[in-house]
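Peer 1: Let me begin by handing over the structure; questions about it come next.
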Amino acid sequence: MAGRCLEGINSDLGINSLDVRCDSKKLCTAEESLVSVYSLQDYSVKAQVNLKTEILSVSWSPFKTNCIAAGCSMGCLFIVRKIRSEWKSAMRLNLHALDISTVIWTQESLITCSFDNFVKFSSVRVSEEECVVEPKSQIKAHEGWVKGICVSGDYLISQGSDFCTRVWYKQELVFVLEYLESTESLNPTQVPSCNGDWVCLSGTRSGVTGEGCATLVKLGTWQVVEVPLSVTKGIFKRSGEEFVFVEVCVFVKDKLVTAGNSTVFVLDTKSLHLELVERLPCEVMFSVIVT
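Residue numbering for the sequence shown is 99 to 389, as defined by our numbering.
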(Lines of atoms letter the chains of each structure in order from A and count residues from 1; the text may use other names and numbers.)
(Lines give C-alpha, C1' and ligand atoms only; values in the text may rest on other atoms or scores of the structure.)
Protein backbone atom coordinates (compact mmCIF):
# COMPACT_ATOMS: atom_id res chain seq x y z
CA MET A 1 0.00 0.00 0.00
CA ALA A 2 1.51 3.33 -1.04
CA GLY A 3 1.55 6.25 1.39
CA ARG A 4 0.70 9.90 0.75
CA CYS A 5 2.55 12.92 2.10
CA LEU A 6 0.44 15.78 3.43
CA GLU A 7 1.02 19.11 1.72
CA GLY A 8 2.33 21.94 3.87
CA ILE A 9 4.23 19.78 6.37
CA ASN A 10 7.34 21.62 7.53
CA SER A 11 10.10 19.04 7.76
CA ASP A 12 11.96 21.28 10.23
CA LEU A 13 9.12 21.05 12.76
CA GLY A 14 8.44 18.02 14.92
CA ILE A 15 4.90 16.60 15.07
CA ASN A 16 4.01 16.02 18.71
CA SER A 17 0.44 14.79 18.23
CA LEU A 18 -2.31 14.22 15.69
CA ASP A 19 -5.99 13.29 15.66
CA VAL A 20 -8.55 12.34 13.02
CA ARG A 21 -11.99 13.98 13.00
CA CYS A 22 -14.93 11.66 13.75
CA ASP A 23 -16.03 11.69 10.10
CA SER A 24 -12.48 10.74 8.95
CA LYS A 25 -12.37 13.71 6.55
CA LYS A 26 -9.93 15.94 8.41
CA LEU A 27 -6.69 15.49 10.32
CA CYS A 28 -5.23 17.92 12.84
CA THR A 29 -1.62 17.96 13.99
CA ALA A 30 0.46 19.68 16.66
CA GLU A 31 3.62 20.92 14.93
CA GLU A 32 5.54 22.68 17.71
CA SER A 33 3.43 25.87 18.14
CA LEU A 34 1.18 25.27 15.12
CA VAL A 35 -2.22 23.58 15.02
CA SER A 36 -2.56 22.44 11.41
CA VAL A 37 -5.73 21.12 9.75
CA TYR A 38 -5.42 18.83 6.72
CA SER A 39 -7.91 17.30 4.33
CA LEU A 40 -7.80 13.51 4.15
CA GLN A 41 -9.49 13.69 0.75
CA ASP A 42 -6.93 15.70 -1.23
CA TYR A 43 -4.18 15.74 1.49
CA SER A 44 -3.90 19.54 1.39
CA VAL A 45 -3.44 21.90 4.32
CA LYS A 46 -6.65 23.79 5.11
CA ALA A 47 -5.55 25.96 8.02
CA GLN A 48 -2.71 26.69 10.43
CA VAL A 49 -3.06 28.53 13.75
CA ASN A 50 0.01 29.66 15.68
CA LEU A 51 -0.59 29.42 19.44
CA LYS A 52 2.93 30.78 20.19
CA THR A 53 3.64 28.03 22.70
CA GLU A 54 4.60 24.37 22.32
CA ILE A 55 1.64 22.07 21.69
CA LEU A 56 1.94 18.53 23.05
CA SER A 57 -1.48 17.07 22.25
CA VAL A 58 -4.55 17.78 20.10
CA SER A 59 -8.05 16.27 20.06
CA TRP A 60 -11.09 16.94 17.87
CA SER A 61 -14.43 17.65 19.51
CA PRO A 62 -16.87 14.73 19.09
CA PHE A 63 -19.73 17.25 18.72
CA LYS A 64 -18.47 20.35 16.90
CA THR A 65 -16.64 19.14 13.83
CA ASN A 66 -14.70 22.39 13.59
CA CYS A 67 -13.42 22.53 17.17
CA ILE A 68 -10.02 21.29 18.40
CA ALA A 69 -8.63 21.16 21.94
CA ALA A 70 -4.88 21.72 22.26
CA GLY A 71 -2.88 20.83 25.37
CA CYS A 72 0.25 22.96 25.64
CA SER A 73 3.33 23.72 27.69
CA MET A 74 3.01 25.51 31.04
CA GLY A 75 -0.41 23.91 31.61
CA CYS A 76 -2.28 25.95 28.99
CA LEU A 77 -5.36 24.60 27.22
CA PHE A 78 -6.54 26.19 23.97
CA ILE A 79 -9.73 25.70 22.00
CA VAL A 80 -9.12 26.26 18.29
CA ARG A 81 -12.20 26.60 16.12
CA LYS A 82 -13.46 27.69 12.74
CA ILE A 83 -15.47 30.91 12.96
CA ARG A 84 -16.97 32.36 9.76
CA SER A 85 -14.61 30.39 7.52
CA GLU A 86 -11.51 31.38 9.54
CA TRP A 87 -9.66 29.13 11.97
CA LYS A 88 -8.52 30.89 15.16
CA SER A 89 -7.82 30.44 18.86
CA ALA A 90 -11.17 30.94 20.62
CA MET A 91 -10.14 30.34 24.22
CA ARG A 92 -7.10 29.94 26.48
CA LEU A 93 -7.20 28.54 30.01
CA ASN A 94 -4.38 27.89 32.51
CA LEU A 95 -5.64 24.44 33.49
CA HIS A 96 -2.59 22.64 34.92
CA ALA A 97 0.55 23.67 36.81
CA LEU A 98 2.86 22.01 34.26
CA ASP A 99 2.76 20.87 30.62
CA ILE A 100 -0.40 19.13 29.42
CA SER A 101 0.85 15.87 27.95
CA THR A 102 -2.43 14.43 26.61
CA VAL A 103 -5.91 15.79 25.92
CA ILE A 104 -8.91 13.58 25.06
CA TRP A 105 -12.30 15.08 24.14
CA THR A 106 -15.00 12.50 24.91
CA GLN A 107 -18.79 12.58 24.71
CA GLU A 108 -18.98 13.30 28.45
CA SER A 109 -16.04 15.60 29.14
CA LEU A 110 -12.67 16.98 28.17
CA ILE A 111 -9.96 14.94 29.92
CA THR A 112 -6.41 16.21 30.32
CA CYS A 113 -3.29 14.86 31.99
CA SER A 114 -0.14 16.69 32.90
CA PHE A 115 3.40 16.54 34.18
CA ASP A 116 1.94 17.94 37.43
CA ASN A 117 0.79 14.37 38.31
CA PHE A 118 -2.92 15.15 37.83
CA VAL A 119 -5.72 14.07 35.49
CA LYS A 120 -8.51 16.64 35.18
CA PHE A 121 -12.08 16.40 33.89
CA SER A 122 -13.71 19.53 32.43
CA SER A 123 -17.00 20.38 30.79
CA VAL A 124 -17.04 22.36 27.55
CA ARG A 125 -19.76 24.62 26.17
CA VAL A 126 -19.35 25.85 22.62
CA SER A 127 -21.75 28.24 20.93
CA GLU A 128 -21.53 30.75 18.10
CA GLU A 129 -20.76 33.51 20.62
CA GLU A 130 -18.43 31.86 23.11
CA CYS A 131 -16.45 28.85 24.25
CA VAL A 132 -16.36 27.99 27.97
CA VAL A 133 -14.30 25.28 29.69
CA GLU A 134 -15.13 24.54 33.34
CA PRO A 135 -12.91 22.20 35.41
CA LYS A 136 -15.13 19.74 37.31
CA SER A 137 -12.93 17.19 39.08
CA GLN A 138 -9.39 15.88 39.28
CA ILE A 139 -7.32 12.96 40.55
CA LYS A 140 -3.68 12.72 41.51
CA ALA A 141 -3.03 9.84 39.17
CA HIS A 142 0.70 9.22 39.71
CA GLU A 143 3.71 10.08 41.82
CA GLY A 144 5.35 11.52 38.74
CA TRP A 145 4.49 12.78 35.28
CA VAL A 146 1.24 11.51 33.80
CA LYS A 147 2.53 10.86 30.32
CA GLY A 148 -0.57 9.45 28.70
CA ILE A 149 -4.20 8.43 29.14
CA CYS A 150 -6.79 6.54 27.13
CA VAL A 151 -10.50 5.89 27.67
CA SER A 152 -12.54 2.72 27.14
CA GLY A 153 -16.18 2.65 28.26
CA ASP A 154 -16.34 3.24 32.02
CA TYR A 155 -12.56 3.05 32.40
CA LEU A 156 -9.75 5.56 32.23
CA ILE A 157 -6.21 4.20 31.89
CA SER A 158 -3.19 6.30 32.87
CA GLN A 159 0.51 5.58 32.43
CA GLY A 160 3.10 7.57 34.37
CA SER A 161 6.79 8.15 34.87
CA ASP A 162 6.53 6.34 38.23
CA PHE A 163 6.65 3.05 36.26
CA CYS A 164 2.99 2.45 37.07
CA THR A 165 -0.15 2.00 34.98
CA ARG A 166 -3.52 2.50 36.66
CA VAL A 167 -7.05 1.67 35.57
CA TRP A 168 -9.74 3.98 37.00
CA TYR A 169 -13.52 4.08 37.11
CA LYS A 170 -14.32 7.39 35.42
CA GLN A 171 -17.44 8.09 37.48
CA GLU A 172 -16.11 7.41 40.99
CA LEU A 173 -12.52 8.43 40.14
CA VAL A 174 -11.13 5.45 42.07
CA PHE A 175 -8.63 3.04 40.58
CA VAL A 176 -9.48 -0.63 40.22
CA LEU A 177 -6.12 -1.95 39.05
CA GLU A 178 -2.50 -0.98 39.47
CA TYR A 179 0.02 -2.54 37.11
CA LEU A 180 3.54 -1.90 38.38
CA GLU A 181 6.64 -2.58 36.31
CA SER A 182 10.22 -2.52 37.46
CA THR A 183 12.35 0.36 36.23
CA GLU A 184 14.06 -2.10 33.87
CA SER A 185 10.79 -3.16 32.26
CA LEU A 186 8.72 -0.06 31.57
CA ASN A 187 9.65 2.91 29.44
CA PRO A 188 7.89 5.75 31.27
CA THR A 189 7.80 8.05 28.26
CA GLN A 190 5.11 6.20 26.32
CA VAL A 191 1.30 6.23 26.38
CA PRO A 192 -1.29 3.42 26.55
CA SER A 193 -3.98 2.51 24.05
CA CYS A 194 -7.25 0.62 24.48
CA ASN A 195 -10.36 -0.74 22.82
CA GLY A 196 -13.45 -2.23 24.43
CA ASP A 197 -11.65 -5.34 25.67
CA TRP A 198 -7.93 -4.71 26.05
CA VAL A 199 -5.42 -2.13 27.23
CA CYS A 200 -2.01 -2.15 25.57
CA LEU A 201 0.92 -0.73 27.52
CA SER A 202 3.74 0.63 25.39
CA GLY A 203 7.43 0.65 26.21
CA THR A 204 7.38 -2.66 28.11
CA ARG A 205 9.84 -5.54 28.32
CA SER A 206 8.93 -9.05 29.36
CA GLY A 207 9.78 -9.83 32.98
CA VAL A 208 10.38 -13.44 31.98
CA THR A 209 12.50 -13.19 28.85
CA GLY A 210 13.72 -9.60 29.04
CA GLU A 211 12.57 -9.09 25.44
CA GLY A 212 10.47 -6.24 24.11
CA CYS A 213 6.79 -7.12 24.25
CA ALA A 214 3.25 -5.85 23.95
CA THR A 215 1.74 -6.03 27.43
CA LEU A 216 -2.03 -6.50 27.20
CA VAL A 217 -4.41 -6.16 30.15
CA LYS A 218 -7.93 -7.59 29.75
CA LEU A 219 -10.53 -5.11 30.98
CA GLY A 220 -12.84 -6.60 33.60
CA THR A 221 -10.91 -9.81 34.28
CA TRP A 222 -7.55 -7.97 34.54
CA GLN A 223 -5.70 -10.82 32.89
CA VAL A 224 -2.16 -9.74 31.91
CA VAL A 225 -0.73 -11.17 28.69
CA GLU A 226 2.77 -10.54 27.36
CA VAL A 227 3.23 -10.96 23.61
CA PRO A 228 6.96 -11.07 22.67
CA LEU A 229 7.86 -8.95 19.67
CA SER A 230 11.47 -10.04 19.22
CA VAL A 231 10.53 -12.82 16.80
CA THR A 232 12.97 -13.78 14.04
CA LYS A 233 11.36 -11.43 11.52
CA GLY A 234 11.41 -8.45 13.89
CA ILE A 235 14.67 -8.61 15.84
CA PHE A 236 16.68 -5.51 16.72
CA LYS A 237 19.99 -5.63 18.56
CA ARG A 238 20.93 -3.09 21.22
CA SER A 239 23.93 -3.47 23.51
CA GLY A 240 24.07 -7.20 22.82
CA GLU A 241 20.33 -7.77 23.49
CA GLU A 242 17.60 -8.67 21.04
CA PHE A 243 14.29 -6.92 21.59
CA VAL A 244 11.88 -4.33 20.20
CA PHE A 245 10.29 -1.78 22.51
CA VAL A 246 6.71 -0.84 21.66
CA GLU A 247 6.89 2.91 21.12
CA VAL A 248 3.32 3.35 19.86
CA CYS A 249 0.19 1.20 19.75
CA VAL A 250 -3.34 1.62 18.40
CA PHE A 251 -6.34 -0.72 18.14
CA VAL A 252 -8.39 -1.34 15.01
CA LYS A 253 -11.31 -3.51 16.07
CA ASP A 254 -9.74 -6.88 17.02
CA LYS A 255 -6.33 -5.94 15.66
CA LEU A 256 -3.54 -4.25 17.57
CA VAL A 257 -1.05 -2.26 15.51
CA THR A 258 2.19 -1.65 17.38
CA ALA A 259 5.51 -0.17 16.34
CA GLY A 260 8.99 -0.16 17.81
CA ASN A 261 12.16 1.26 16.31
CA SER A 262 11.43 0.85 12.60
CA THR A 263 9.25 -2.27 12.70
CA VAL A 264 5.43 -2.35 12.62
CA PHE A 265 3.57 -5.36 14.07
CA VAL A 266 -0.09 -6.36 13.62
CA LEU A 267 -1.44 -8.61 16.37
CA ASP A 268 -4.75 -10.49 16.40
CA THR A 269 -6.08 -9.94 19.95
CA LYS A 270 -8.34 -12.99 19.72
CA SER A 271 -5.64 -15.52 18.87
CA LEU A 272 -2.73 -13.41 20.27
CA HIS A 273 -0.72 -14.29 17.16
CA LEU A 274 1.34 -11.90 15.08
CA GLU A 275 -0.11 -11.50 11.59
CA LEU A 276 2.29 -9.01 10.05
CA VAL A 277 5.76 -7.64 10.62
CA GLU A 278 6.80 -4.78 8.36
CA ARG A 279 10.19 -3.07 8.31
CA LEU A 280 10.19 0.69 7.65
CA PRO A 281 13.10 2.89 6.55
CA CYS A 282 12.73 5.22 9.55
CA GLU A 283 11.96 5.20 13.27
CA VAL A 284 8.25 5.17 14.14
CA MET A 285 7.31 7.89 16.66
CA PHE A 286 3.48 7.71 16.54
CA SER A 287 0.68 6.22 14.51
CA VAL A 288 -2.94 6.86 13.61
CA ILE A 289 -5.59 4.69 12.00
CA VAL A 290 -8.30 5.96 9.66
CA THR A 291 -11.08 3.48 8.91
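Don't be surprised by glycine CBs; every beta carbon is placed ideally from N, CA and C.
Comparing C-alpha positions only, which one of Asp140, Ser221, Thr127, Gln257 sits nearest to Leu149?
Peer 2: Measuring from the Cα of Leu149, the nearest candidate turns out to be Thr127.
Peer 1: If Gly404 and Val289 are in contact, beta carbons under 8 angstroms, what's the gap, nearest whole angstrom?
Peer 2: Nothing can be reported for residue 404, as the shown portion of the chain is limited to 99 through 389.
Peer 1: Check whether the stretch 167-183 and the stretch 223-234 touch, using three or more Cβ-Cβ pairs below 8 angstroms as the test.
Peer 2: Contact holds: three or more Cβ-Cβ distances are below 8 angstroms.
Peer 1: With Arg182 as the anchor, note down where its beta strand (DSSP E) starts and where it stops.
Peer 2: Run containing Arg182: none; DSSP gives neither H nor E here.
Peer 1: Please report the distance separating the alpha-carbon of Val348 from that of Ala312.
Peer 2: When rounded, the distance between both Cα atoms is 11 angstroms.
Peer 1: Quick check on the burial criterion: 16 or more other C-beta atoms within 10 angstroms. Buried or exposed for Trp243?
Peer 2: Looking at its Cβ environment, which holds 16 or more other Cβ atoms inside 10 Å, Trp243 is buried.
Peer 1: Tell me the start and end of each unbroken beta strand (DSSP E) in the stretch 239-265 that is at least 3 residues and wholly inside, in chain order.
Peer 2: With a minimum length of 3 residues, the continuous beta strand (DSSP E) runs that stay inside the stretch 239-265 are 244-250, 253-258.
Peer 1: By Cβ distance, which residues of its chain are closer than 7 angstroms to Ser187, with the 5 residues on each side in sequence left out?
Peer 2: Result list for Ser187: Val147, Leu149, Phe176, Val178, in chain order.
Peer 1: Helix, strand or coil: which one does DSSP assign to Ser369?
Peer 2: Ser369: coil per DSSP, three-state reduction.
Peer 1: With 16 as the cutoff for other CB atoms within 10 Å, does Glu270 come out buried or exposed?
Peer 2: Exposed, by the Cβ-count rule.
Peer 1: Whose C-beta lies closer than 8 angstroms to the C-beta of Trp71 among residues of the same chain, with five residues either side of it excluded?
Peer 2: Because the chain in this structure spans residues 99 to 389, residue 71 falls outside the shown range and cannot be described.
Peer 1: Pull up the CB-CB distance for Val133 and Ile153, whole angstroms please, since I reckon it's below 8 angstroms.
Peer 2: So it is a contact: roughly 6 angstroms between Cβ atoms.
Peer 1: Quick check on Trp296: does DSSP put it in helix, strand or coil?
Peer 2: Three-state result, Trp296: strand.
Peer 1: How many Å lie between Ser131 and Met189 at the Cα?
Peer 2: Answer to the nearest angstrom: the Cα atoms are 16 angstroms apart.
Peer 1: On the CB-based measure, 16 or more other CB atoms within 10 Å of its CB, does Gln257 come out buried or exposed?
Peer 2: The residue in question, Gln257, is buried, as its Cβ has 16 or more Cβ neighbours within 10 Å.
Peer 1: Exposed or buried, which one is Val265 when buried takes at least 16 other CB atoms within 10 Å?
Peer 2: Flag for Val265 reads buried.
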